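There are 2 protein chains.
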Amino acid sequence: MTYCVATLLEEGIVFLSDSRTNAGIDNISTFRKMTVFERKGDRVLVLMSAGNLAISQSVVSLLWADRATGDDDGPFIMDAANLYEAAQCVGRAIRTVHTRDAAALKEHGIDFSVSFILGGQIRGDRPRLFQLYSAGNFIEASAETCYFQIGESKYGKPIIDRMVRPETTLRDAAKCALISMDSTIRSNLSVGLPLDLAIYPRDTLALTQRRTIGADDEYFQMVRSRWGSALRSAFQDLPESPWG
Amino acid sequence: MTYCVATLLEEGIVFLSDSRTNAGIDNISTFRKMTVFERKGDRVLVLMSAGNLAISQSVVSLLWADRATGDDDGPFIMDAANLYEAAQCVGRAIRTVHTRDAAALKEHGIDFSVSFILGGQIRGDRPRLFQLYSAGNFIEASAETCYFQIGESKYGKPIIDRMVRPETTLRDAAKCALISMDSTIRSNLSVGLPLDLAIYPRDTLALTQRRTIGADDEYFQMVRSRWGSALRSAFQDLPESPWG
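Chains Y and B supply the protein sequences, listed in that same order.
Every letter in the first sequence is one number past the one before it in the working numbering, and letter 187, counting from 1, is 169.
Every letter in the second sequence is one number past the one before it in the working numbering, and letter 175, counting from 1, is 157.
As structure tokens, this is what we get:
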């Protein structure tokens, strides 16, 4: 499994992904789930994936392979005119892999299961965030629902539901994403370090931060230990249950 | 869906269940998930269920129907010599319903899916807590893993993982269960009020608290509002992310 989260804010977009994959509990590996398509001053697109690794890797490979001319029905993702077109590029790549692999997977009892988060900004368009499904269809984040999660999303959802709004700062959203990831890692073995963090400040058309966070990262270590103790204090400060 | 949690502590056992069921998003109802088998001074058994409501209700009905003589292979649950035998009673009832209904359900494309938490104490035995699966098999809580959850368990797992140990008091475990339930209700529409809370203090062989908690419950209202603001304070107190 995996866990990826992205939040679309007034200030920009924060992306965070883990790097654990597993094909059974005795077959655990580390693969990066984040791919960046960037041309400074023109576009930044960050793509994160969850689901079957063979499918998601094929989708990314196909997106790069379209470099020369695009695919049959549209442009190369680096030439898409806006984020909606870029999401269509990813959707078409998913469908291409489906056409090629789904029947063979089905014969082996394997679902064609993959999901992506795509976000960023293309010159002339606003920052936008999309979530794509196995069928290559997609939805777009809005002010009402300004974040998407894929993979093992439930453990880390409550803290985001409580903390993140469109007016949240990039720094606070990054902190919240790391807490959400920490809660997920503690409760689910299939999500693990290192993490990939990318931060895109609105209208800069360049990533300010793209960072790999391992067990030795000082800020993440501090979040892990201090969030746990802050929660315990908050818990103890809450009036005792009248029932016991 | 549903959410139930129980924690086995040195002081006793805390049980909490919600009461929402849904057969599709346009078919939402309220059904209690908690059944108590109690004979003061002899035994307290609390059973909570998740999964297909027709199955779980049938299991409970069969357990009561065994009142006269028990089932073919063992005693009535109120005559079980210890908690392990009581868990076997529930397991046999699950298998009886499986034998009767599973094939018909399969014809309609419905999985035979049900799970239970059973906990309490029988005179002469220690307090014990079990989780039962669709096959009627079960596992028992221990000092290393002192809680069980069934239903929509992921949202509310991180707070329990961080807060609950065998030495946690009944009052703190009840508070933690309510926070865990609140996080789940906020993030998942298929879990809802009212809640059933039962608290069993070790060696009393009687429930001290069996309480229905609705939206107007003062303590739960306080938990909902103050936990949210305590989390926000803890979040703001945590040093700002160096990346933003």
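Glycine included, every Cβ here is placed at the ideal spot set by N, Cα and C.
All values reported here derive from a predicted model rather than from experimental measurement.
Below-8 Å beta-carbon distance, residue i vs any chain B residue
{"i": "Y:S40", "result": "no"}
{"i": "Y:R206", "result": "no"}
{"i": "Y:T151", "result": "yes"}
{"i": "Y:Y(-15)", "result": "no"}
{"i": "Y:K88", "result": "no"}
{"i": "Y:E222", "result": "yes"}
{"i": "Y:A216", "result": "yes"}
{"i": "Y:A125", "result": "no"}
{"i": "Y:D199", "result": "no"}
{"i": "Y:R147", "result": "no"}
{"i": "Y:Y137", "result": "yes"}
{"i": "Y:L213", "result": "yes"}
{"i": "Y:G23", "result": "no"}
Closer than 8 Å to chain Y by CB, residue i
{"i": "B:I7", "result": "no"}
{"i": "B:W46", "result": "no"}
{"i": "B:Q191", "result": "yes"}
{"i": "B:E67", "result": "no"}
{"i": "B:F13", "result": "no"}
{"i": "B:Y129", "result": "no"}
{"i": "B:A188", "result": "no"}
{"i": "B:A156", "result": "yes"}
{"i": "B:R144", "result": "yes"}
Residue i Cβ short of 7 Å to the ligand FMN heavy atom set
{"i": "B:F(-3)", "result": "As for the ligand FMN, it is missing from this structure, which has no ligand bound."}
DSSP three-state assignment for residue i, whether helix, strand or coil
{"i": "Y:I7", "result": "coil"}
{"i": "Y:F13", "result": "coil"}
{"i": "Y:P57", "result": "coil"}
{"i": "B:D199", "result": "coil"}
{"i": "Y:D219", "result": "helix"}
{"i": "Y:A(-12)", "result": "strand"}
{"i": "Y:R147", "result": "coil"}
{"i": "B:E122", "result": "strand"}
{"i": "Y:R153", "result": "helix"}
{"i": "Y:R77", "result": "helix"}
{"i": "Y:D178", "result": "strand"}
{"i": "B:E89", "result": "helix"}
{"i": "Y:L35", "result": "helix"}
{"i": "Y:S(-1)", "result": "strand"}
Neighbour-count burial assignment, residue i, 16 or more Cβ in a 10 Å radius
{"i": "Y:L29", "result": "buried"}
{"i": "B:T12", "result": "exposed"}
{"i": "Y:K22", "result": "exposed"}
{"i": "Y:S1", "result": "buried"}
{"i": "B:W209", "result": "buried"}
{"i": "Y:G33", "result": "buried"}
{"i": "B:D185", "result": "exposed"}
{"i": "Y:P176", "result": "buried"}
{"i": "Y:Q218", "result": "exposed"}
{"i": "B:R25", "result": "buried"}
{"i": "Y:G118", "result": "buried"}
{"i": "B:Q203", "result": "exposed"}
{"i": "Y:G6", "result": "exposed"}
{"i": "Y:L88", "result": "Looking at the sequence itself, residue 88 of chain Y is Lys, so the reference to Leu does not match. Its Cβ having fewer than 16 others within 10 Å, Y:K88 is exposed."}
{"i": "Y:G174", "result": "buried"}
{"i": "B:A125", "result": "exposed"}
{"i": "B:I37", "result": "buried"}
C-beta atoms of residue i and residue j nearer than 8 Å
{"i": "Y:I161", "j": "Y:L179", "result": "no"}
{"i": "B:A69", "j": "B:F112", "result": "yes"}
{"i": "Y:F98", "j": "Y:V79", "result": "no"}
{"i": "B:S165", "j": "B:I141", "result": "yes"}
{"i": "Y:A156", "j": "B:G133", "result": "no"}
{"i": "B:G102", "j": "B:L152", "result": "no"}
{"i": "B:L35", "j": "B:T81", "result": "no"}
{"i": "Y:D223", "j": "B:Y201", "result": "One detail in the question is off: residue 223 of chain Y reads as Ser in this sequence, not Asp. In contact: Y:S223 and B:Y201 (Cβ atoms closer than 8 Å)."}
{"i": "B:G(-6)", "j": "B:P109", "result": "yes"}
{"i": "Y:R(-17)", "j": "Y:S172", "result": "Per the sequence presented here, residue -17 of chain Y reads as Met, with Arg not at that position. Yes; because the gap between Cβ atoms is below 8 Å, this pair is in contact."}
{"i": "Y:G138", "j": "Y:Y(-15)", "result": "yes"}
{"i": "B:D55", "j": "B:R74", "result": "yes"}
Euclidean distance between Cα positions of residue i and residue j
{"i": "B:I16", "j": "B:F(-3)", "result": "A quick correction: the sequence has Met, not Ile, at residue 16 of chain B. Spanning the two alpha carbons is a distance of roughly 9 Å."}
{"i": "B:M145", "j": "Y:V(-13)", "result": "25 Å"}
{"i": "B:R49", "j": "B:F58", "result": "6 Å"}
{"i": "Y:A216", "j": "B:D143", "result": "15 Å"}
{"i": "Y:L65", "j": "Y:D8", "result": "39 Å"}
{"i": "Y:L(-10)", "j": "Y:A188", "result": "16 Å"}
{"i": "B:F120", "j": "B:L114", "result": "4 Å"}
{"i": "B:H90", "j": "B:V41", "result": "20 Å"}
{"i": "Y:E122", "j": "Y:K136", "result": "20 Å"}
{"i": "B:S95", "j": "Y:I92", "result": "21 Å"}
{"i": "Y:T51", "j": "Y:L45", "result": "11 Å"}
{"i": "Y:S116", "j": "Y:I76", "result": "7 Å"}
{"i": "B:Y182", "j": "B:E(-8)", "result": "11 Å"}
Contact list for residue i against chain A, beta-carbon separation under 7 Å
{"i": "Y:S165", "result": "The question asks about chain A, but that chain is absent: this structure's protein chains are Y and B."}
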